[in-house]
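*Asks:*
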Amino acid sequence: MGIRVDLRGISYTYPGSKSEAVKNVSVTLRSGMCYGVTGPNGSGKTTLLKIISLLYKPTRGHVLYDVSDPWRSDITSYRRRVVYVHEKPLMVRGSVLDNLALGLRIRGYNGDQIKERIERIVAKLDLSSLLDRSARDLSAGQRQLVAIARALVLDPDVIALDEPYSNLDFRKRKRLSRVVNELRGKGKLVVISSHDIGLLVSLCDYIIYLEDGGIVLEGPAGEVYRELLSEH
Amino acid sequence: MEPIQNIVLRSLTISGTATLLAALWSLPLAYLLASSRRFRPLVYFFEALVGIPTVLVGLLLYLLLSRNGPLGFLELLYTPQAIIIGEALLITPLITAVSYQVMLTGLSYYRELALTLGASDRQAALLVFRETLPSLISSVVMGFSRAVGELGVALIVGGNIKGYTRTMTTSIALATAMGEYEAAVKLGLVLTAIAVGVSLVVRLVRREWASE
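If you read the protein sequences in the order shown, they are chains V and C. At position 150 of the first sequence (counting the first as 1) the number is 222 in my numbering, and the numbers step up by one without a gap. At position 123 of the second sequence (counting the first as 1) the number is 127 in my numbering, and the numbers step up by one without a gap.
Pasting the structure below:
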């Protein structure tokens, strides 16, 4: 079943800070679509992704999953529908396999289910040669791909990828783009933040351009791209 | 003079128990302090108490445990239990303050990771504990080193009773006062060897852990 995420006038201020990192953002995100979030450094891209992923509770406004406010309900059950992949992913102690199984273990899956899910994603992202390696010895690009695989094995409705291409070489980028397209085809909601507007245009249906925490431009990818080109 | 191995064993038992006791409340306390900004002012309090003089802790505990004190009915004064309580209180600020810093970093990384993978608050806390365990062990070992090397508490509430509450540090003080310098130096060397040995073991454990 599809999902709709509504951001209604959300703002976010980091604890101890006086200025808002995200200001009065309203946008509706629908399943089966890929949304690109872009903007200069410090424009609030990561904060917005973390709000969508229910890691940060907005200081003003509401996030609605379908019609419910997860923050007024059982937040853990809603968090299990969304996964956020950090720009610089953290690996826990142990092998790549341990890391891939982490979320599934947390959610109480049994050994066979874990194996089956991991095998499927590992084949898709071509990670089988890394499974037994210590996760902390991986290169930045390998870590990024493992973190994305760790998210995908959970089969979330919403997947938020923070600068997912920043450490990937050409082949890995291509592989990831294929996966993103597949996810969209399966009716998942994909949100990607990136500085690379060209990449977002090629991958996403809709682009949100942030500046100083607020949306200054949004719309279908092609339109936003043309607008940005004409401005600069 | 009592056989040195008895004194060493007693010291290790007393300080080890005190350390376990202190870790039992200091680690959850550190997690609480790190996970809520409301409790942050308490961190400064614990940090300030890290260097509290051992004789002051000994004196305060003496006043509490002495026959006319509020806890005199427990009849703990001049017992190993009194030293254990005193040392546990002495090292609580140290373990709490160091563990707080470890958990603050751990929470900012691992808690978020756990939550995004669908963990409940309890599961997230367990992951933070698991991933920061080597550093937490180090903070507990620091506490043990301070406990085993302190003199004030052991002397004031333990009373340095031969065969009962005599520890390595009180023995060194006594031997020095009696001019038995050879015995004092011997115990001092044992004390140093324990501190160095424990530190080496911890370093080894951390290295093994990191390479996993």
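Here a beta-carbon is modelled for each residue, glycine too, at the ideal position from N, C-alpha and C. Only a predicted model underlies this, so the values are computations on that prediction, with no experimental measurement involved.
Can you find at least 3 beta carbon pairs, one from the stretch 86-102 of chain C and one from the stretch 192-203 of chain C, that sit closer than 8 Å?
*Replies:* No, they do not touch.
*Asks:* Would you mind stating whether V:Leu261 and V:Ile75 have Cβ atoms separated by less than 8 Å?
*Replies:* Mapped onto the first sequence, residue 261 of chain V falls at position 189. Mapped onto the first sequence, residue 75 of chain V falls at position 3. Going by beta carbons, V:Leu261 and V:Ile75 fall inside the 8 Å limit.
*Asks:* What residues from the stretch 176-190 of chain V come within 7 Å of chain C, judged by C-beta to C-beta, listed N to C?
*Replies:* Listed by position, the residues of the stretch 176-190 of chain V near chain C (Cβ gap below 7 Å) are Ile178 and Arg179.
*Asks:* Using the three-state DSSP reduction, which class does V:Val164 fall into: helix, strand or coil?
*Replies:* Your numbering for residue 164 of chain V matches position 92 in the first sequence. Of the three classes helix, strand and coil, the one that applies to V:Val164 here is coil, per DSSP.
*Asks:* Using 8 Å as the limit for Cβ to Cβ distance, is C:Arg210 near chain V?
*Replies:* As a position in the second sequence, residue 210 of chain C is number 206, starting the count at 1. No, because no Cβ of chain V sits closer than 8 Å to the Cβ of C:Arg210.
*Asks:* Would you be able to state if there are at least three C-beta pairs under 8 Å between the stretch 88-95 of chain V and the stretch 116-126 of chain V?
*Replies:* Verdict: yes, contact present.
*Asks:* Could you name each continuous beta strand (DSSP E) segment of 3 residues or more that falls completely within the stretch 13-55 of chain C, going from the start of the chain to the end?
*Replies:* none
*Asks:* What residue from V:Ala293, V:Arg222, V:Glu299 and V:Asn239 has the CA that sits closest to V:Leu199's CA?
*Replies:* Counting from one through the first sequence, the residue named residue 199 of chain V turns up at place 127. Measuring from the Cα of V:Leu199, the nearest candidate turns out to be V:Arg222.
*Asks:* Give a yes or no on whether the minimum CB-CB distance between V:Val34 and chain C is below 8 Å.
*Replies:* As shown, chain V starts at 73 and ends at 304. That puts residue 34 of chain V outside it, with no answer to give.
*Asks:* Taking C-alpha atoms, which residue in C:Ser124, C:Leu36, C:Thr180 and C:Val102 lies nearest to C:Gly147?
*Replies:* Position 143 of the second sequence holds residue 147 of chain C. The shortest C-alpha separation from C:Gly147 is found at C:Val102.
*Asks:* Using the rule of at least 16 other Cβ atoms within 10 Å of the residue's Cβ for burial, across every protein chain shown, is V:Asp138 buried or exposed?
*Replies:* Numbered from its first residue, the first sequence carries residue 138 of chain V at position 66. V:Asp138 should be labelled exposed.
*Asks:* With a threshold of 7 Å on Cβ separation, who are the neighbours of C:Ser70 within its own chain once the five nearest residues in sequence on each side are excluded?
*Replies:* For the purposes of this step, residue 70 of chain C is taken as residue 66 along the second sequence, with counting starting at 1. Only Gly76 and Leu81 meet the Cβ criterion.
*Asks:* Report yes if the CB atom of C:Glu91 is closer than 8 Å to the CB atom of C:Ile18, and no otherwise.
*Replies:* For the purposes of this step, residue 91 of chain C is identified with residue 87 of the second sequence, where counting begins at 1. For the purposes of this step, residue 18 of chain C is identified with residue 14 of the second sequence, where counting begins at 1. Against a cut-off of 8 Å, the Cβ pair of C:Ile18 and C:Glu91 comes out as a contact.
*Asks:* Going by beta carbon distance, what residues of the same chain come within less than 7 Å of C:Leu31, once the five residues before and after it are set aside?
*Replies:* Residue 31 of chain C sits at position 27 when you count from the first residue of the second sequence. If we look at C:Leu31 and ignore the five residues flanking it on each side, its Cβ neighbours are Ser103 and Leu140.
*Asks:* Chain C beta carbons: is any one of them nearer than 8 Å to that of V:Thr118?
*Replies:* What you label residue 118 of chain V is simply residue 46 of the first sequence in a count that begins at 1. Closer than 8 Å: no.
*Asks:* Give the range of the alpha helix (DSSP H) segment to which V:Glu191 is assigned.
*Replies:* In the first sequence, counting from the first residue as 1, residue 191 of chain V sits at position 119. Here the alpha helix (DSSP H) through V:Glu191 covers Gly183 to Leu197.
*Asks:* Could you tell me whether the stretch 169-182 of chain C touches the stretch 8-15 of chain C, using the rule of 3 or more Cβ pairs below 8 Å?
*Replies:* yes
*Asks:* Anything in chain V within Cβ reach of C:Arg41, meaning under 9 Å, just list it in chain order.
*Replies:* Position 37 of the second sequence, counted from the first residue, corresponds to residue 41 of chain C. Within 9 Å Cβ-Cβ: Pro87 and Gly88.
*Asks:* Does the separation of the CB atoms of V:Ile193 and V:Val225 fall below 8 Å?
*Replies:* As a working mapping, residue 193 of chain V is identified with position 121 in the first sequence. As a working mapping, residue 225 of chain V is identified with position 153 in the first sequence. Yes, the pair counts as a contact, with Cβ atoms nearer than the cut-off.
*Asks:* Verify the CB distance criterion: does V:Val230 have a CB-CB separation below 8 Å to chain C?
*Replies:* Your numbering for residue 230 of chain V matches position 158 in the first sequence. It does not; no Cβ of chain C falls within 8 Å.
*Asks:* Residues in its own chain within less than 7 Å of C:Ala2 by CB, not counting five upstream and five downstream?
*Replies:* Lying outside 5 to 216, the shown extent of chain C, residue 2 of chain C is not represented and no answer is given.
*Asks:* If you measure between the beta carbons of C:Leu65 and C:Val161, is that distance less than 8 Å?
*Replies:* In the second sequence, the residue the question calls residue 65 of chain C occupies position 61. In the second sequence, the residue the question calls residue 161 of chain C occupies position 157. Yes, the pair counts as a contact, with Cβ atoms nearer than the cut-off.
*Asks:* V:Leu127 touches chain C at which residues, Cβ-Cβ below 7 Å?
*Replies:* Indexing the first sequence from 1 puts residue 127 of chain V at position 55. Residues of chain C passing the Cβ test: Glu116, Leu119 and Thr120.
*Asks:* The stretch 137-170 of chain V: which residues have C-beta closer than 7 Å to a C-beta of chain C, in chain order?
*Replies:* Thr148, Arg151, Arg152, Val155, Tyr156, Leu162, Val164, Arg165 and Gly166
*Asks:* List, in order along the chain, the chain V residues whose C-beta lies closer than 8 Å to that of C:Tyr113?
*Replies:* To locate residue 113 of chain C, count along the second sequence from 1; it is residue 109. Within chain V, the residues near C:Tyr113 are Leu162.
*Asks:* Measure the C-alpha to C-alpha separation of V:Val164 and V:Gln214 and round it to an integer number of angstroms.
*Replies:* Within the first sequence, numbered from 1, the residue matching residue 164 of chain V stands at position 92. Within the first sequence, numbered from 1, the residue matching residue 214 of chain V stands at position 142. Looking at the two C-alpha atoms, the distance is approximately 14 Å.
*Asks:* List, in chain order, every chain V residue whose beta-carbon is nearer than 7 Å to that of C:Gln127.
*Replies:* Position 123 of the second sequence, counting from 1, holds the residue named residue 127 of chain C. Those within 7 Å of C:Gln127 in chain V are Ile178.
*Asks:* Report the three-state DSSP secondary structure of C:Thr83 (helix, strand or coil).
*Replies:* Indexing the second sequence from 1 puts residue 83 of chain C at position 79. In the structure shown, the three-state DSSP call for C:Thr83 is coil.
*Asks:* Could you spell out where the beta strand (DSSP E) holding V:Ala232 opens and where it closes?
*Replies:* For the purposes of this step, residue 232 of chain V is taken as the residue at position 160 of the first sequence. Where V:Ala232 is concerned, the enclosing beta strand (DSSP E) stretches over Val230 to Asp234.
*Asks:* Taking three-plus beta-carbon pairs below 8 Å as touching, is the stretch 237-248 of chain V in contact with the stretch 169-176 of chain V?
*Replies:* no
*Asks:* State buried or exposed for V:Gln216, treating a residue as buried only when at least 16 other CB atoms are found within 10 Å of its CB.
*Replies:* Residue mapping note: residue 216 of chain V aligns to position 144 of the first sequence, counting from 1. Answer is buried; the Cβ neighbour count reaches 16.
*Asks:* For a test of your reading of the model: does the CB of V:Asn182 fall under 7 Å from any non-hydrogen atom of the ligand FAD? Yes or no.
*Replies:* Annotation note on the ligand FAD: not contained in the displayed structure, which lists no ligands.
*Asks:* Going by DSSP in three states, V:Gly285 sits in which element: helix, strand or coil?
*Replies:* Here the question's residue 285 of chain V lines up with position 213 in the first sequence. The DSSP-derived three-state label of V:Gly285 is coil.
*Asks:* Out of C:Val145, C:Ser143, C:Leu178 and C:Lys166, point me to the one whose CA is closest to C:Leu155's CA.
*Replies:* Counting from 1 along the second sequence, the entry for residue 155 of chain C is found at position 151. Nearest option by C-alpha distance: C:Leu178.
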